[in-house]
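Enquirer: Per full-length UniProt numbering, residue 1 is the first one in the sequence shown, and the count goes up by one each step.
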Amino acid sequence: PEGVENEAQEQLAFADRILLNKIDLVYGDDTIADKEDELQRIEARIRAINGAAQIVRCQQSKIEPTGVINIGAFSLDRVVEMDPEFLNEDGEHQHDDRVTSCSTKFAGEVVFSKLELYIRSLISKVESAKNLFRYKGVLAVSGMRQKFVFQGVHMTFTGDFRDGAEWGDGEERVCKFVFIGRDLDHDALIMGFKDCAAAGEPPCTAQASAAEWVDGVVLGQQQPVLG
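1. Strictly by DSSP, which residues pair up with Leu19?
2. Report all residues from its chain with a CB closer than 8 angstroms to the CB of Phe179; omit the five preceding and five following residues, and keep chain order.
3. Buried or exposed for Ala152, please, with buried defined as at least 16 other CB atoms from any protein chain shown within 10 angstroms of its CB.
4. Thinking C-beta only, is Ile49 closer than 9 angstroms to Gln9?
5. Please report the Cβ distance between Ser142 and Ala198, rounded to the nearest whole angstrom; I am assuming they are in contact, meaning their Cβ atoms lie under 8 angstroms.
6. For a quick check, are the C-beta atoms of Val26 and Leu39 less than 9 angstroms apart?
7. Taking Cys196 and Lys114 to be in contact with their CB atoms under 8 angstroms, please state how far apart those CB atoms are, rounded to whole angstroms.
8. The alpha helix (DSSP H) that contains Glu166, what's its start and end?
9. For Met144 and Glu172, I'd like the C-alpha separation in whole angstroms.
10. By Cβ distance, which residues of its chain are closer than 6 angstroms to Tyr118, with the 5 residues on each side in sequence left out?
11. Could you check if Gly164 is buried or exposed, using at least 16 other CB atoms within 10 Å of its CB as the buried criterion?
12. From the DSSP output, read off the bridge partner residues of Val110.
13. What span of residues does the alpha helix (DSSP H) with Val126 cover, start to end?
14. Provide the residue(s) that pair with Leu132 in DSSP beta bridges, ordered along the chain.
15. Buried or exposed for Asp160, please, with buried defined as at least 16 other CB atoms from any protein chain shown within 10 angstroms of its CB.
16. Out of curiosity, what's the CA-to-CA distance linking Lys35 and Ile23?
Quick look at the structure:
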């Protein structure tokens with residue numbers, strides 16, 4: 001119902017690793033194939049809420065500690081290595097739950113000044129930003145060889161041009177991102193980024209060191225702190 005929090009969904013939305021436990025108790029026919037189909041159905045439902053988190057199957061909660069400890073979940077370097085699975089939108093619109101993930105990928109570049117204004121518009125209002133549980137992306141910015149990498153939670157945003165993460169010669173310059181949240185307007189999010197596309201715009205001439213957005217936490221202000 002409207003206004004009711006779904007704790008389980010929100011925990012899934014914020015997760016970087018999701019342990020799918022007690023897989024030995026999955027119901028189905030006696031065949032392994034049927035149980036595998038059921039597990040895949042469950043995983044598809046999870047990915048509809050959070051397509052960016054890794055799902056780890058386990059029994060009796062047994063998992064290697066290295067799989068959940070010191071994984072660098074909030075490192076921008078990890079964002080550069082986003083698993084292609086995060087763009088898998090299978091089942092994304094097959095349920096009525098309010099918590100969903102929105103992801104896309106498109107070829108081309110964006111204009112940095114437009115991008116800054118758009119991100120500001122997304123996270124500057126407390127009422128809308130509180131519904132943005134997690135988001136991250138890798139973008140090609142006009143005039144910049146480095147990839148612009150960002151991630152955030154609610155109104156807390158971090159992003160910069162990453163040294164060591166340059167677009168290669170002949171590599172297609174693309175933009176890709178994923179947002180996880182409540183009552184997301186998928187079409188508006190995707191169109192907002194595409195509206196930042198470089199189409200006859202002069203390229204960005206700033207150096208990477210001068211174009212960074214630094215970590216910041218904004219509480220109760222109308223404008224986020226962007227460096």
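Even for Gly, the Cβ is constructed at its ideal location relative to N, Cα and C.
Expert: The short version:
1. Val56
2. Ser101, Cys102, Ser103, Leu132, Arg134, Tyr135 and Leu189
3. A small fix is needed here, since residue 152 is Gly in this sequence, not Ala. Burial call: buried.
4. yes
5. 4 angstroms
6. yes
7. 4 angstroms
8. It is not in any alpha helix (DSSP H) - Glu166 instead sits in the beta strand (DSSP E) that spans Thr156 to Glu166.
9. 14 angstroms
10. Gly192 and Cys196
11. exposed
12. Val141 and Ala197
13. Val126 to Ala129
14. Gly181
15. buried
16. 9 angstroms
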